[in-house]
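Q:
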Amino acid sequence: MQVIEYTTLLVFAVPLVILLINILLPRQLAEKSSIGLAYLAPLVQIVATAAGLVQIAQLKQHEFAISWNLAGAVSVRFAVNVFSLVLLFCIGMVTLAAIMVANRTVPQKRAGFAGLLMMLIVGMNGMVLVTDLFSLYVFLEIVGISSFVLIAMFKSDTGLEGAFKYLVMSVLASIMILTGLAFVFMQTGSLQYDQVGAAGGALVGPGAPHLALMYTAMALMIAGFAIKTGAVPFHSWLPDAHQSANTAVSVLLSGIVIKIAGIYGFIVITNFFGRLPGIDLTLALIGTVSIVVGALFALRQSHFKRIVAYSSVSQMGYILLGLSTGSVLGLLGAVAHVFNHATFKSTLFTNAAAVHEQTGTYDINELGGLEKKMPVTSFSSLAAFMSTAGIPPFAGFWSKLLIIMALWNSGDWVFAAIALIASIFTAAYFLRLQRKVFFGKLLDKFAQLTEIGGSVKWAQIMLTVVTIAAGLLFPFALRYFGGIGIL
Amino acid sequence: MEAVIYICLGLMLIFGILAVMLRSLLKSAIALAGASAMLAIIMYLLGSVWAGIFELSVCAGLITVVFISAISLSNTDKEDLPRLYEDAKRMAALPAVLIICGVILILIVAKTSFMLPAAVPAVEMADTFREIFWNQRQVDIWGQVIVVLTGALTVVALFKERE
Amino acid sequence: MEAYMETVILIVGFLLIVAGCYCLIRTYHLLKVIIGVEVAMKAVTMFVILAGFINGKAPLAQAFVITVIVIEVVVAVVAVGLALNLYRLYGNMDIRNLRKLKG
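Protein chains in written order, with this note's numbering: chain A, 1 to 487; chain B, 488 to 650; chain C, 651 to 753.
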């Protein structure tokens, strides 16, 4: 019990302390050391959540409630279960990769970048840990505000444009989510998870007005979270924001923000209201359309980061399909795919940063044959591509298998078939990317090219090792989940 | 009491439409402040005293000030809006859209005889507002602190002139 | 008819949200976007207060509304910051400048 409480305390306290140190240091010292200092937050988070996972295995429980008593009454409640710990681990891992990339790609304003990054981390951790729908909304806004400014802070013309488009879509999403919350509040009288869950059972019953309000609330909240996830038809902000942001910020956005802000919201609302008829079908439809549309658009792009961004849209569709089944197997597949997507998407954006740093361009038509000069980048890109396409023994194969199995078990074999066939599209657009950038003849202008060094190289190596290890160790992970009683 | 609420609702809707459709950005901001004031009165009449005070001071006050400073910093002239941005033409369809939506909504409500549950008299709350705000919703208060901190970092990141 | 007033509030709220979103989507001026957002947020806070009024839990609704107002102010400040930076870049506040990212 103690270790989990420390985990919760640390993931909130450490980023805030680092922010405080950042603010208090004199300007020159802050500029030089803030990124180095920022490494502490994700490292502590990874260690703490790993310790929490170990403790859960020992205690063979998978839910904990933590209450801190301040001024008498029980005032602050957090809940941790094994899925939250996995998500917290993902947050730590992606943030670590992002800081390693930022070390190279963020030459100025490092102190401001580190400060906003700490706020983003606190926002995401908060979203995963709270037990109240309204607090979820508050931390969602924190994540949103930090993301807008991170995209815009380097003041490039495309950066400001991408940030503004993201802001407009995100505010629309907030309005919809908040209206949905107001309607739920009308029905249930409280927005805490335990009370909403209890009332959710009683709702399928009473007369027409209540049901109409519930459906309106659900439609609004699904639309709102779909905007945050970047699912079709609300995906228009995603490629622009990813392309125009500094690549370290793209790693963060695609690697973890769209998942915590969007997918975790879906997990919460399907947890309470998934039994309403029609919700599952809606999620499955949104998921399928996202997979297909994302893949088709990715085939047409020639900007490295845009291809990867559309690939994110496509993969979010897979996760939504896993959630739409409503079964534990589907949820497990979805969370596993969140973890895998965090690794391979971060790898791909790190590769984009490496290629840009060394060659100065993102246009795949101008690149070619880089594998001879940049072997580490090329191999990590290959590993990420095979994991995305779901080729064994890489990790992506297992999570896609779980999702398709869950779909099959619930009888949605049409969606399972579409998901399988869409894997071909995934392989197609990534093969095109690999071929154009890394394989083929080395162009003359790249004769002097060298491999990227420093923290970016280590980030690629670390992420590739995680992808391969997760793929090889997945059966053991399944046994772990069985041991604690989930499966 | 109900009559006053209806009047304020109508005024709020009118101020909202004015805020969208007025040609001068400055007058739009003032119409927005008027809508906030009407909302504050409605909140007070519905029994939410503290929210009304907050809404009045922050939305009708602070946001209007932020807006007017943005307008003056960007030198937006009174004549720009209709001329350069074709604003009047773009927004002209708004009253028609609203009337259509209003008619659709009224028809839906009448056809399905949809009725919100009647107001329950205020449950004898074991907790007053003070207890709920500072004790039960402490997570939200920490969230607000972090939001304001983020806002401060934002201002530093975005508003500084190039060095 | 009991509960007549609440339904009217609901309808007026929806109309305000439609007005705000219409302004958000159709305007060409960066600051007008923020006005649209604010109008829609007024309607949303009205819904929360209405929910509290119906439930009998007015203090809880007020706690929600105060937090939402704080968030709304910070989002407005961020949006104004972005708009002013775009003004510094392009010399005007036109959304039609933002056409560089395509596809």
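We put the beta carbon where it would ideally sit given N, CA and C, even for glycine.
Give the DSSP-derived three-state secondary structure of Phe530 of chain A in the structure shown.
A: Residue numbering for chain A in the displayed model covers 1 to 487; residue 530 of chain A lies beyond these limits and cannot be assessed.
Q: Out of B:Ser559, B:Ile550, B:Leu533, B:Lys598, state which residue places its alpha-carbon closest to the alpha-carbon of Val689 of chain C.
A: Against the third sequence, residue 689 of chain C aligns to sequence position 39. If we check each option's Cα against that of Val689 of chain C, B:Ile550 comes out closest.
Q: Closest by CA to Gly670 of chain C, which one among C:Val698, C:Leu736, C:Val683, C:Gly741?
A: Within the third sequence, the letter at position 20 stands for residue 670 of chain C. Looking at the Cα atoms, C:Val683 is the closest of the given residues.
Q: Reducing DSSP to helix, strand and coil, say where His235 of chain A ends up.
A: Counted from its first residue, the first sequence places residue 235 of chain A at position 235. In the structure shown, His235 of chain A sits in coil (DSSP, three-state: anything other than H, G, I, E or B).
Q: Report buried or exposed for Lys445 of chain A, applying the criterion of at least 16 other Cβ atoms within 10 angstroms of its Cβ.
A: In the first sequence, the residue the question calls residue 445 of chain A occupies position 445. Looking at its Cβ environment, which holds fewer than 16 other Cβ atoms inside 10 Å, Lys445 of chain A is exposed.
Q: Cβ of Gly255 of chain A within 9 Å of Cβ of Ala48 of chain A?
A: Residue numbering aside, residue 255 of chain A sits at position 255 when the first sequence is read from its first letter. Residue numbering aside, residue 48 of chain A sits at position 48 when the first sequence is read from its first letter. Against a cut-off of 9 Å, the Cβ pair of Ala48 of chain A and Gly255 of chain A comes out as no contact.
Q: Apply the 10 Å Cβ neighbour rule to Leu603 of chain B and answer buried if 16 or more other Cβ atoms are within range, or exposed otherwise.
A: The residue labelled residue 603 of chain B in the question sits at position 116 within the second sequence. With 16 or more Cβ atoms within 10 Å of its Cβ, Leu603 of chain B is classed as buried.
Q: Here's the rule: buried if 16 or more other CB atoms are within 10 angstroms of the residue's CB, otherwise exposed. What is Ile239 of chain A?
A: Reading the first sequence from its first residue, position 239 is the one you call residue 239 of chain A. Per the sequence presented here, residue 239 of chain A reads as Pro, with Ile not at that position. Per the 10 Å Cβ criterion, buried.
Q: Do you know how far the Cα of Thr359 of chain A is from the Cα of Leu253 of chain A?
A: The residue labelled residue 253 of chain A in the question sits at position 253 within the first sequence. The residue labelled residue 359 of chain A in the question sits at position 359 within the first sequence. One C-alpha to the other measures close to 24 Å.
Q: Rounded to a whole number of angstroms, what is the C-alpha to C-alpha distance between Phe664 of chain C and Ile721 of chain C?
A: As a first step, residue 664 of chain C must be located in the third sequence, where it is residue number 14. As a first step, residue 721 of chain C must be located in the third sequence, where it is residue number 71. Cα-Cα distance, rounded: 21 Å.
Q: Please check if any C-beta of chain B sits within less than 9 Å of the C-beta of Asp157 of chain A.
A: As a first step, residue 157 of chain A must be located in the first sequence, where it is residue number 157. No, Asp157 of chain A lies away from the interface with chain B (no Cβ there is under 9 Å from its Cβ).
Q: CA-CA distance, Leu680 of chain C and Met743 of chain C?
A: Translated into positions along the third sequence, residue 680 of chain C becomes position 30. Translated into positions along the third sequence, residue 743 of chain C becomes position 93. Straight-line Cα distance between these residues: approximately 5 Å.
Q: How about Ile319 of chain A and Val338 of chain A: do their beta carbons lie closer than 9 Å?
A: If you number the first sequence from 1, residue 319 of chain A lands on position 319. If you number the first sequence from 1, residue 338 of chain A lands on position 338. Yes. Within cutoff.
Q: Does the distance from the CB of Gly654 of chain B to the CB of Ile145 of chain A come in under 9 Å?
A: With chain B covering only 488 through 650, there is no way to say anything about residue 654 of chain B.
Q: Does the Cβ-Cβ distance between Val553 of chain B and Val727 of chain C come in under 9 Å?
A: Taking the second sequence and counting its residues from 1, the one referred to as residue 553 of chain B is at position 66. Taking the third sequence and counting its residues from 1, the one referred to as residue 727 of chain C is at position 77. A contact, by the Cβ cut-off of 9 Å.
Q: According to DSSP, which residues form a beta bridge with Asp744 of chain C?
A: Position 94 of the third sequence, counted from the start, is the residue given in the question as residue 744 of chain C. C:His679, per the DSSP bridge assignment.
Q: In chain B, which residues lie less than 7 Å from Arg676 of chain C when you measure between Cβ atoms?
A: For this step, residue 676 of chain C is matched to residue 26 along the third sequence. The answer, in chain order, is Arg577, Met578.
Q: Does Ala520 of chain B get closer than 9 Å to chain A when you measure Cβ to Cβ?
A: For this step, residue 520 of chain B is matched to residue 33 along the second sequence. False, the Cβ-Cβ gap to chain A never drops below 9 Å.
Q: May I have the straight-line CA-CA distance separating Thr377 of chain A from Leu463 of chain A, to the nearest angstrom?
A: For the purposes of this step, residue 377 of chain A is identified with residue 377 of the first sequence, where counting begins at 1. For the purposes of this step, residue 463 of chain A is identified with residue 463 of the first sequence, where counting begins at 1. Taking the straight line joining both Cα atoms gives about 11 Å.
Q: Would a check of beta-carbon distances place Asn742 of chain C closer than 9 Å to chain A?
A: Taking the third sequence and counting its residues from 1, the one referred to as residue 742 of chain C is at position 92. Judged by the 9 Å Cβ criterion, Asn742 of chain C is not in contact with chain A.
Q: Do Ile279 of chain A and Leu321 of chain A come within 9 Å of each other at the CB atom, strictly closer than that value?
A: For this step, residue 321 of chain A is matched to residue 321 along the first sequence. For this step, residue 279 of chain A is matched to residue 279 along the first sequence. Not in contact: Leu321 of chain A and Ile279 of chain A (Cβ atoms no closer than 9 Å).
Q: Helix, strand or coil: how does DSSP classify Arg510 of chain B here?
A: Counting from 1 along the second sequence, the entry for residue 510 of chain B is found at position 23. Coil, per DSSP.
Q: Take Gly453 of chain A as the anchor and find which of A:Phe379, A:Trp398, A:Met221, A:Ala354 has the nearest alpha-carbon.
A: What you label residue 453 of chain A is simply residue 453 of the first sequence in a count that begins at 1. Closest option to Gly453 of chain A, Cα to Cα, is A:Ala354.
Q: Ordered along the chain, which non-local residues of its own chain (more than five positions away) have a Cβ less than 7 Å from that of Ala384 of chain A?
A: Residue numbering aside, residue 384 of chain A sits at position 384 when the first sequence is read from its first letter. Excluding residues within five positions, the ones whose Cβ falls inside 7 Å are Phe344, Thr347, Leu348, Thr467.
Q: Where does the unbroken alpha helix (DSSP H) through Lys598 of chain B begin, and where does it stop?
A: Along the second sequence, one-based indexing puts residue 598 of chain B at 111. First-last of the alpha helix (DSSP H) with Lys598 of chain B: 581 to 598.
Q: Would you give the residue range spanned by the alpha helix (DSSP H) that Leu20 of chain A belongs to?
A: Your numbering for residue 20 of chain A matches position 20 in the first sequence. 2 to 24 is the span of the alpha helix (DSSP H), which, as asked, contains Leu20 of chain A.
Q: Am I right that Ile403 of chain A and Gly330 of chain A are in contact with their C-beta atoms under 8 Å? What's the rounded C-beta distance?
A: Your numbering for residue 403 of chain A matches position 403 in the first sequence. Your numbering for residue 330 of chain A matches position 330 in the first sequence. Yes, Ile403 of chain A and Gly330 of chain A are in contact; Cβ-Cβ is about 7 Å, under 8 Å.
Q: For Lys647 of chain B, which of C:Tyr654, C:Asn735, C:Tyr678 has the nearest alpha-carbon?
A: The sequence position of residue 647 of chain B within the second sequence is 160, counting from 1. The residue with the shortest Cα to Cα distance from Lys647 of chain B is C:Asn735.
Q: Could you pull out every residue in the same chain whose Cβ sits closer than 8 Å to the Cβ of Ile558 of chain B, ignoring the five residues on either side in sequence?
A: For the purposes of this step, residue 558 of chain B is taken as residue 71 along the second sequence, with counting starting at 1. So the qualifying residues of the chain are Leu512, Leu513, Ala516.
Q: Taking Val727 of chain C as the query, report the chain B residues whose CB atoms sit under 8 Å from its CB, ordered along the chain.
A: Numbered from 1 along the third sequence, position 77 holds the residue referred to as residue 727 of chain C. By Cβ distance, chain B contributes Val553, Gly638, Thr641, Val642.
Q: State buried or exposed for Ser236 of chain A, treating a residue as buried only when at least 16 other CB atoms are found within 10 Å of its CB.
A: For the purposes of this step, residue 236 of chain A is taken as residue 236 along the first sequence, with counting starting at 1. Per the 10 Å Cβ criterion, exposed.
Q: Just mark Gln28 of chain A as buried or exposed, buried being the case when its beta carbon has 16 or more other beta carbons within 10 Å.
A: Here residue 28 of chain A refers to the residue found at position 28 when the first sequence is read from its first residue. Gln28 of chain A is exposed by the Cβ-count criterion.
Q: Using only CA atoms, which one of A:Phe379, A:Lys400, A:Ala427 lies nearest to Phe415 of chain A?
A: Against the first sequence, residue 415 of chain A aligns to sequence position 415. Checked all of A:Phe379, A:Lys400, A:Ala427; the closest Cα to Phe415 of chain A is A:Lys400.
Q: If you reduce the DSSP assignment to three classes, tell me which class Asn492 of chain A lands in.
A: Residue 492 of chain A lies beyond the range of chain A shown here (1 to 487); nothing can be said about it.
Q: For Ala547 of chain B, which residues from the same chain have a beta carbon less than 6 Å from its beta carbon, with the 5 sequence-adjacent residues on both sides left out?
A: Residue numbering aside, residue 547 of chain B sits at position 60 when the second sequence is read from its first letter. So the list reads Ala520, Ser523, Ala524, once near-sequence residues are dropped.
Q: Would you kindly work out how many angstroms separate the C-alpha atoms of Val196 of chain A and Ile391 of chain A, rounded to a whole number?
A: Sequence index remark: in the first sequence, residue 196 of chain A carries index 196 (1-based). Sequence index remark: in the first sequence, residue 391 of chain A carries index 391 (1-based). In a straight line, the C-alpha of Val196 of chain A is about 41 Å away from that of Ile391 of chain A.
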